[in-house]
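I have placed the structure first, in the form of structure tokens, so that the comments after it can refer back to it.
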């Protein structure tokens with residue numbers, strides 16, 4: 001763990017040296033804070049697993065939306081975007097705006113729905129599916145149906161974020177959208193993240209046989 005920690009410090013030191021020249025040292029402060037949050041979420045989940053604890057769905061989602069990685073990844077993406085990613089943009093995303101919550105909800109629920117059966121074959125922290133089933137005494141099918149409705153509603157929140165007059169430039173919002181597009185692609189037809197061989201044809205189309213414009 002010390003090696004991983006030191007490697008992270010080195011990465012942020014390199015990033016800080018670059019953004020300092022742009023007068024944007026604040027970007028690294030927000031990036032580091034987002035990393036601290038995800039590390040704490042990982043520790044919470046590790047404790048749950050160690051204790052065989054199945055939290056209430058509300059408690060689970062509070063931690064799992066952070067451990068999805070999206071808040072950290074989006075914040076760190078802003079670091080490399082130059083002047084368009086202002087201090088105000090970092091402050092906005094760090095306060096979990098509606099569009100970010102919708103993005104992380106889609107990520108977490110689609111991931112948990114698709115990977116639930118596979119995770120039953122190994123030691124793993126309880127997912128949202130298990131938490132909801134245990135809390136409300138319902139079947140997996142009922143739980144998945146409800147979660148798919150939640151995903152659909154979260155997409156509406158994302159659309160709303162783009163339809164309203166934007167406080168920030170479109171590239172700031174588009175980063176959030178693009179991360180959701182990735183998760184939708186990976187999980188809409190199953191767990192293509194775990195079964196990565198299923199992505200081979202798509203990768204070939206993108207990198208080996210691209211469309212010539």
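Residue numbers (full-length UniProt numbering): 1 to 213. Backbone N, C-alpha and C fix where the C-beta goes; we use that ideal spot for every residue, glycine too. In this text, all values refer to a predicted model and were calculated from it rather than measured experimentally.
Please state the DSSP three-state secondary structure of residue 208. Helix at residue 208.
Residue 202, DSSP secondary structure in three states: Reduced to three states, the DSSP call for residue 202 is helix.
Closer than 7 Å to chain C by CB, residue 30: Looking at the structure shown, chain C is missing, and only one protein chain is on hand.
Residue 162: buried (16+ other C-beta within 10 angstroms of its C-beta) or exposed? Counting Cβ neighbours within 10 Å, residue 162 comes out exposed, since fewer than 16 surround it.
Looking at C-alpha atoms only, which residue of 65, 201, 189, 173 is the closest neighbour of residue 78? Ranking 65, 201, 189, 173 by Cα distance to residue 78 puts 173 first.
Among 129, 35, 40, the one whose alpha carbon lies nearest that of residue 143: Out of 129, 35, 40, 129 has the C-alpha closest to the C-alpha of residue 143.
With a threshold of 8 Å, are at least 3 pairs of Cβ atoms found where one atom belongs to the segment 60-75 and the other to the segment 105-112? Verdict: yes, contact present.
Are the Cβ atoms of residue 179 and residue 89 separated by less than 7 Å? Between residue 179 and residue 89, the C-beta gap is not smaller than 7 Å, which leaves the two residues out of contact.
Is the Cβ-Cβ distance between residue 72 and residue 34 less than 7 Å? Yes, they are a contact pair.
Quick one: Cα of residue 8 to Cα of residue 95, how far? C-alpha separation (whole angstroms): 23 Å.
First and last residue of the alpha helix (DSSP H) that includes residue 233? Residue 233 cannot be examined here, being either before or after the span of the chain that is shown, 1 to 213.
Considering Cα atoms alone, identify which of 112, 55, 10, 81 is closest to residue 151. Distance from the Cα of residue 151 is smallest, within the candidate group 112, 55, 10, 81, for 112.
Between which two residues does the alpha helix (DSSP H) harbouring residue 83 extend? Annotation: residue 83 is outside any alpha helix (DSSP H) and is labelled neither H nor E by DSSP.
Using the rule of at least 16 other Cβ atoms within 10 Å of the residue's Cβ for burial, across every protein chain shown, is residue 67 buried or exposed? Buried: at least 16 other Cβ atoms inside 10 Å.
Kindly indicate which three-state DSSP category residue 189 falls into: helix, strand or coil? Here residue 189 sits in coil by DSSP.
What residue range does the alpha helix (DSSP H) around residue 65 cover? Looking at the DSSP string, the run of the alpha helix (DSSP H) that includes residue 65 is 57-67.
Length of the line joining the Cα atoms of residue 38 and residue 69: In this structure, the alpha-carbon of residue 38 lies about 7 Å from that of residue 69.
How many whole angstroms separate the CB atoms of residue 131 and residue 56, which I take to be in contact at a CB cut-off of 8 Å? With a Cβ gap of about 7 Å, residue 131 and residue 56 count as contacting.
Return helix, strand or coil for residue 16, following the three-state DSSP convention. In the structure shown, residue 16 sits in a helix (DSSP, three-state: H, G or I).
Report the CB separation of residue 75 from residue 93 in whole angstroms; it is logged as a contact under 8 Å. The beta-carbon distance between residue 75 and residue 93, rounded to whole angstroms, is 6 Å. This is short enough to meet the 8 Å contact definition.
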